[in-house]
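The next block holds one structure in the form of structure tokens; read it before the comments.
Number of protein chains: 2
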Amino acid sequence: MKYKESGTGTTHRVWKLGKDIDTDLLAPGYVMKHGIEVIAKHCLESVRPEFSASVRPGDVVAAGPGFGIGSSREQAAQALARLGVAAVIAPSYGGLFFRNAFNVGLMLLTCAEAESLQEAERVEIRLGEPPAVAGADGRVLACDPIPDFLIDMARSGGLLNQLRKRMSPS
Amino acid sequence: MKYKESGTGTTHRVWKLGKDIDTDLLAPGYVMKHGIEVIAKHCLESVRPEFSASVRPGDVVAAGPGFGIGSSREQAAQALARLGVAAVIAPSYGGLFFRNAFNVGLMLLTCAEAESLQEAERVEIRLGEPPAVAGADGRVLACDPIPDFLIDMARSGGLLNQLRKRMSPS
Numbered sequence: 001m002k003y004k005e006s007g008t009g010t011t012h013r014v015w016k017l018g019k020d021i022d023t024d025l026l027a028p029g030y031v032m033k034h035g036i037e038v039i040a041k042h043c044l045e046s047v048r049p050e051f052s053a054s055v056r057p058g059d060v061v062a063a064g065p066g067f068g069i070g071s072s073r074e075q076a077a078q079a080l081a082r083l084g085v086a087a088v089i090a091p092s093y094g095g096l097f098f099r100n101a102f103n104v105g106l107m108l109l110t111c112a113e114a115e116s117l118q119e120a121e122r123v124e125i126r127l128g129e130p131p132a133v134a135g136a137d138g139r140v141l142a143c144d145p146i147p148d149f150l151i152d153m154a155r156s157g158g159l160l161n162q163l164r165k166r167m168s169p170s
Numbered sequence: 001m002k003y004k005e006s007g008t009g010t011t012h013r014v015w016k017l018g019k020d021i022d023t024d025l026l027a028p029g030y031v032m033k034h035g036i037e038v039i040a041k042h043c044l045e046s047v048r049p050e051f052s053a054s055v056r057p058g059d060v061v062a063a064g065p066g067f068g069i070g071s072s073r074e075q076a077a078q079a080l081a082r083l084g085v086a087a088v089i090a091p092s093y094g095g096l097f098f099r100n101a102f103n104v105g106l107m108l109l110t111c112a113e114a115e116s117l118q119e120a121e122r123v124e125i126r127l128g129e130p131p132a133v134a135g136a137d138g139r140v141l142a143c144d145p146i147p148d149f150l151i152d153m154a155r156s157g158g159l160l161n162q163l164r165k166r167m168s169p170s
């Protein structure tokens with residue numbers, strides 16, 4: 001499990017990005033012929049060259065509006081999931097990215113105040129109803145509700161794993 | 001089929017709306033206990049009281065950014081689909097709305113210049129690669145690409161119908 005719910009005290013390190021981080025920044029076109037392992041190494045290299053080498057499983061990305069706009073390439077979300085990013089926190093997302101992200105097991109939190117988060121701040125993710133992000137200084141940023149089936153999908157590691165889990169004899 | 005592709009000359013009447021049209025405007029909370037037939041009658045009543053009575057199958061909605069933000073209620077997209085709206089054209093969407101819309105058979109076009117469309121203008125929808133909206137005066141507004149499986153999903157009348165179609169013997 002990549003993130004914990006309210007009350008566990010588990011915190012996540014924030015990588016702060018700007019607005020309109022598009023799918024080409026997440027999964028650059030020139031490496032799209034390679035597998036996700038290679039693509040992930042180039043994730044965000046244009047804006048944060050150190051990202052793929054330094055990000056740690058459980059870290060989160062906080063960004064401005066329009067995260068994941070651009071192409072429909074699923075690898076944009078897969079690259080972040082592959083690097084172990086626990087969640088993205090942004091005010092809005094590209095529609096296709098939003099769809100792809102949960103499908104590949106990446107949790108997205110829609111948070112109007114995402115841009116108030118700071119680089120390297122440690123935050124707690126609370127997947128209650130509604131979800132929220134708690135900052136190091138105790139402030140709590142409300143997020144839009146996420147239906148249970150999508151939370152389960154992200155937790156399960158994506159749509160295919162969720163279906164496998166549901167179809168396997170218990 | 002609710003819309004036609006490039007070259008057919010089929011045009012669609014535009015209903016022009018503002019930005020941040022949320023799911024509560026599309027499917028008001030106080031009628032959510034009813035079925036989609038009733039909910040659809042109240043669709044957009046706060047901003048366009050005449051909408052549900054006057055909209056015709058094949059009409060399209062053009063709006064500002066943030067269309068469908070708010071709750072995860074699927075009825076917000078279903079209400080538009082039920083009224084025969086052929087497509088929504090907007091610069092950005094709420095992530096959950098984007099997911100729900102194609103699932104229930106509602107086509108969404110992501111179009112940076114959507115707000116340049118005018119009330120009652122007639123437009124042509126071109127589902128090429130990339131898709132575009134052609135205005136009455138000949139101008140062409142580029143839209144973000146939509147993967148084939150989502151175009152097929154919207155055309156099929158949603159995810160369940162698409163699955164039924166795929167699973168039925170040909």
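Residue numbers (UniProt numbering), protein chains in the order written: chain A, 1 to 170; chain B, 1 to 170.
Glycine included, each C-beta is placed from N, C-alpha and C at the ideal position.
A quick note: this is a predicted structure, and the numbers were derived from the prediction, not measured.
Identified DSSP bridge partners for residue i
i      : result
B/H12  : B/V123
B/I69  : Answer by DSSP bridge pairing: none, since B/I69 is not bridged.
A/L108 : A/V88
A/Y93  : A/F67
B/A142 : B/A132
7 angstroms Cβ cut-off: residues of chain B touching residue i
i     : result
A/Y30 : Those within 7 angstroms of A/Y30 in chain B number zero; the least Cβ separation is about 18 angstroms.
Nearest candidate by alpha-carbon position, reference residue i, set the options
i                      : options                         : result
B/Y30                  : B/I21, B/G18, B/K19 and B/S46   : B/S46
B/V14                  : B/L108, B/R56, B/F98 and B/V61  : B/V61
B/A120                 : B/G58, B/P28 and B/H42          : B/G58
A/I146                 : B/I69, B/A40, B/V133 and B/A132 : B/I69
A/G105                 : A/G18, A/D24 and A/F149         : A/F149
A/T23                  : A/G9, A/R166, A/F98 and A/A86   : A/F98
B/P131                 : B/K165, B/D20 and B/A114        : B/A114
B/A142                 : B/I89, B/C111, B/H12 and B/M153 : B/C111
A/D152                 : A/L80, A/A40, A/F102 and A/R122 : A/F102
residue 246 of chain A : A/L44, A/T11 and A/K16          : Residue numbering for chain A in the displayed model covers 1 to 170; residue 246 of chain A lies beyond these limits and cannot be assessed.
A/A90                  : A/N100, A/L80, A/M107 and A/F67 : A/F67
B/K16                  : B/A136, B/P28, B/A134 and B/V88 : B/V88
Local Cβ density within 10 Å of residue i, reported as buried at 16 or more and exposed below that
i      : result
B/S6   : Note on B/S6: pLDDT 48, under 50, position unreliable in the model; no value is reported.
B/R126 : buried
B/C116 : For the record, residue 116 of chain B in the displayed sequence is Ser; it is not Cys. The residue in question, B/S116, is exposed, as its Cβ has fewer than 16 Cβ neighbours within 10 Å.
A/S168 : exposed
B/E129 : exposed
B/M1   : Any reading at B/M1 is ruled out, since the residue's pLDDT is 41, under 50, leaving its predicted position unreliable.
B/L163 : exposed
A/G84  : exposed
B/R56  : exposed
B/R82  : buried
B/F144 : The amino acid at residue 144 of chain B is misidentified as Phe; the sequence shows Asp. Burial call: buried.
B/V140 : exposed
B/G18  : exposed
A/G9   : exposed
A/G138 : exposed
Interface partners of residue i on chain A, CB under 8 angstroms
i                      : result
residue 188 of chain B : This structure leaves residue 188 of chain B out entirely; chain B is present only between 1 and 170.
B/L108                 : G95
Under 9 angstroms by beta carbon: chain B residues contacting residue i
i     : result
A/S92 : P65, G66, I69, S92, Y93, G94 and G95
Within chain B, the residues that residue i reaches when beta carbons sit closer than 8 angstroms
i     : result
A/F98 : G95, L96, F98 and R99
Using a Cβ distance threshold of 8 angstroms, determine whether the region 40–53 of chain A contacts the region 91–105 of chain A, with at least three qualifying pairs required. No, because fewer than three Cβ pairs between the region 40–53 of chain A and the region 91–105 of chain A fall closer than 8 angstroms, the two stretches do not touch.
Quick check: the region 66–78 of chain A against the region 76–90 of chain B, are there 3 or more CB pairs under 8 angstroms? Inter-segment contact for the region 66–78 of chain A and the region 76–90 of chain B is absent: fewer than three beta-carbon pairs are separated by less than 8 angstroms.
Tell me, please, whether the region 33–45 of chain B touches the region 145–159 of chain A by the rule of three or more beta-carbon pairs shorter than 8 angstroms. No, they do not touch.
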